[in-house]
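Below is one structure; the comments refer to it alone.
Protein chains: 2
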Amino acid sequence: MSSNPTFKLISFSICPYVQRPRIVLLEKHIEHEIEYIDLQHPPVWFHEISPLEKVPVLVVNGEALFESMPISEYLDEITPGSLYPEDPFRKAQHRAWIEFGNDMLGQHFALASAKDEKEFKKARGTLAERLDTLEDVLGAGPYFAGKAFGMVDVVYAPLFRFTRELQRLIGVELVTDETPKVAAWAAQLLERPAVVAAVPASFSEDYVAFLRRLGGVASQRLA
Amino acid sequence: MSSNPTFKLISFSICPYVQRPRIVLLEKHIEHEIEYIDLQHPPVWFHEISPLEKVPVLVVNGEALFESMPISEYLDEITPGSLYPEDPFRKAQHRAWIEFGNDMLGQHFALASAKDEKEFKKARGTLAERLDTLEDVLGAGPYFAGKAFGMVDVVYAPLFRFTRELQRLIGVELVTDETPKVAAWAAQLLERPAVVAAVPASFSEDYVAFLRRLGGVASQRLA
Numbered sequence: 006m007s008s009n010p011t012f013k014l015i016s017f018s019i020c021p022y023v024q025r026p027r028i029v030l031l032e033k034h035i036e037h038e039i040e041y042i043d044l045q046h047p048p049v050w051f052h053e054i055s056p057l058e059k060v061p062v063l064v065v066n067g068e069a070l071f072e073s074m075p076i077s078e079y080l081d082e083i084t085p086g087s088l089y090p091e092d093p094f095r096k097a098q099h100r101a102w103i104e105f106g107n108d109m110l111g112q113h114f115a116l117a118s119a120k121d122e123k124e125f126k127k128a129r130g131t132l133a134e135r136l137d138t139l140e141d142v143l144g145a146g147p148y149f150a151g152k153a154f155g156m157v158d159v160v161y162a163p164l165f166r167f168t169r170e171l172q173r174l175i176g177v178e179l180v181t182d183e184t185p186k187v188a189a190w191a192a193q194l195l196e197r198p199a200v201v202a203a204v205p206a207s208f209s210e211d212y213v214a215f216l217r218r219l220g221g222v223a224s225q226r227l228a
Numbered sequence: 006m007s008s009n010p011t012f013k014l015i016s017f018s019i020c021p022y023v024q025r026p027r028i029v030l031l032e033k034h035i036e037h038e039i040e041y042i043d044l045q046h047p048p049v050w051f052h053e054i055s056p057l058e059k060v061p062v063l064v065v066n067g068e069a070l071f072e073s074m075p076i077s078e079y080l081d082e083i084t085p086g087s088l089y090p091e092d093p094f095r096k097a098q099h100r101a102w103i104e105f106g107n108d109m110l111g112q113h114f115a116l117a118s119a120k121d122e123k124e125f126k127k128a129r130g131t132l133a134e135r136l137d138t139l140e141d142v143l144g145a146g147p148y149f150a151g152k153a154f155g156m157v158d159v160v161y162a163p164l165f166r167f168t169r170e171l172q173r174l175i176g177v178e179l180v181t182d183e184t185p186k187v188a189a190w191a192a193q194l195l196e197r198p199a200v201v202a203a204v205p206a207s208f209s210e211d212y213v214a215f216l217r218r219l220g221g222v223a224s225q226r227l228a
């Protein structure tokens with residue numbers, strides 16, 4: 006690694022996984038370029054650098070790195086400070102709750118793409134149950150593990166951006182007063198400057214287009 | 006963390022994710038207990054310590070840690086030496102190929118559970134394409150990144166154990182001479198003592214029972 010690496014993040018507007026390294030880049034004040042691609046019609050070079058044709062990809066001095074968590078942890082490791090606790094056991098717990106967040110993003114997709122009311126209700130119910138579980142593990146806040154913003158926060162911020170959009174667009178209440186700690190956490194995350202800046206100005210519009218493309222119950226409920 | 010932590014791994018016979026920490030425990034000569042549970046009928050205490058009701062869980066001095074990679078990386082971090090390269094970029098690349106391996110385990114499940122010939126062929130085709138991709142990134146071996154056995158090897162060993170079983174049981178050829186580097190890698194992994202010892206003696210029998218329970222094309226092809 007040269008002492009002045011250059012970074013380019015290959016991105017897609019509404020992708021929650023892209024937001025992870027983007028938030029880390031912003032939090033850690035790492036200079037970088039962003040290139041947005043259309044995942045519906047990816048450029049020919051994309052398969053070469055992303056074997057599963059997923060974003061994000063981080064191009065470091067011309068060499069590509071794929072997968073959101075390896076990229077985010079790499080950026081964290083090469084810069085001062087860490088978004089993880091120092092203790093290996095606590096760090097592993099944070100990583101486990103990140104996996105839990107991955108599952109919740111899967112449930113968000115199930116909700117957004119549900120083809121009938123039954124599927125929609127099932128996904129909403131699973132998300133509600135996951136939010137209850139989170140409520141039990143959260144402490145005094147404002148962030149997942151207390152005062153310091155960390156990698157778990159990086160991962161959940163894009164999820165709460167989705168739940169806020171769903172509430173606004175189709176009135177489905179996910180993060181409510183019934184889980185007050187989660188609600189306070191989500192509000193904190195969505196005000197964090199790096200989180201706000203992690204998506205393009207077209208995000209809401211692109212999310213609506215995404216729901217319409219999925220063509221499920223959620224899209225039928227759009228105004 | 007006390008200087009003499011006790012470790013208990015909560016396991017399920019054929020689970021490929023359980024094999025990860027088990028291989029790390031064996032490779033790093035960490036004393037541990039194993040408790041096998043029946044995931045079809047999990048004990049009542051299990052949901053408490055594993056919010057997604059998945060194995061593995063590692064109980065460290067009575068405190069539970071869930072998710073295979075956080076557990077495996079924790080065990081690697083608290084013991085001398087590392088199953089990852091020291092350079093952060095190379096380490097991140099290894100983690101990215103681990104995610105690729107996760108996708109392949111998903112494809113294995115798609116193959117094992119395919120309900121008709123079309124689904125079966127599709128999953129087999131995807132696995133074949135993924136194996137071609139791996140062939141392109143492998144070097145001179147014997148392991149993923151050369152002479153040292155590492156975390157990528159830990160993750161792919163359980164996958165190759167499945168492909169070997171499928172070949173033996175129903176004659177589906179996945180790892181063949183067409184990808185000679187992958188074939189040599191798989192053979193090396195499946196001979197590694199920690200890999201051999203990572204599953205119970207009942208593994209093959211349990212895998213057959215698993216295929217029968219799935220009731221798909223693969224189970225119909227069993228003798």
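Sequence lines, in order, name chains D and G. To convert, take the position in the first sequence, counting from 1, and add 5; that gives this note's numbering. To convert, take the position in the second sequence, counting from 1, and add 5; that gives this note's numbering. All residues carry an ideal CB built from backbone N, CA and C; glycine is no exception. Every value quoted in this text rests on a predicted model; they were computed, and no experiment measured them.
- Around D:P47, no beta-carbon contact reaches into chain G at under 9 Å, the shortest distance being about 16 Å.
- G:V177 and G:L171 have their alpha carbons spaced roughly 6 Å apart.
- The beta strand (DSSP E) runs lying completely inside the region 57–135 of chain D and spanning 3 residues or more are 62–65, 68–71, given in chain order.
- Under the Cβ criterion of 8 Å, D:V65 is counted among the residues facing chain G.
- At a cut-off of 8 Å, the C-beta of D:E104 has a neighbouring C-beta in chain G.
- Counting along the chain, D:S16 sits inside the beta strand (DSSP E) bounded by residues 12–16.
- A residue is called buried once 16 or more other Cβ atoms fall within 10 Å of its Cβ, and D:E72 is buried on that count.
- Cβ-Cβ distances below 8 Å link D:T184 to L136, D137, L139, E140 in the same chain, with the five nearest sequence neighbours on each side left out; the list follows chain order.
- Sorting D:A150, D:K120, D:L143 by C-alpha distance to the C-alpha of D:R95 places D:A150 at the top.
- Between the region 157–176 of chain D and the region 200–210 of chain D, the count of C-beta pairs closer than 8 Å reaches three or more; the two stretches touch.
- Pairing D:E53 with D:K13, the inter-Cα distance amounts to about 16 Å.
- Under the DSSP assignment, G:E40 falls in the beta strand (DSSP E) whose first and last residues are 38–41.
- The beta carbon of G:M74 falls within 8 Å of a beta carbon belonging to chain D, placing the residue at that interface.
- Using beta-carbon distances, G:D108 counts as an interface residue toward chain D, with a partner under 8 Å.
- Residue contact with chain G for D:L88: absent (no Cβ-Cβ distance below 8 Å to any residue of chain G).
- Within the region 121–143 of chain G, T138 place their CB atoms closer than 7 Å to a CB of chain D, listed in sequence order.
- Contact with chain D is found for G:A101, since one of that chain's Cβ atoms lies less than 8 Å from the residue's Cβ.
- Within the region 168–193 of chain D, no residue places its CB atom closer than 9 Å to a CB of chain G.
- Nearest to D:L57 by C-alpha distance, out of G:L132, G:D43, G:L219, G:A117, is G:L132.
- Taking C-beta atoms as the reference points, D:A117 and D:A188 fail to come closer than 8 Å.
- When the beta-carbon positions are compared, D:F17 and D:V60 come within less than 8 Å of each other.
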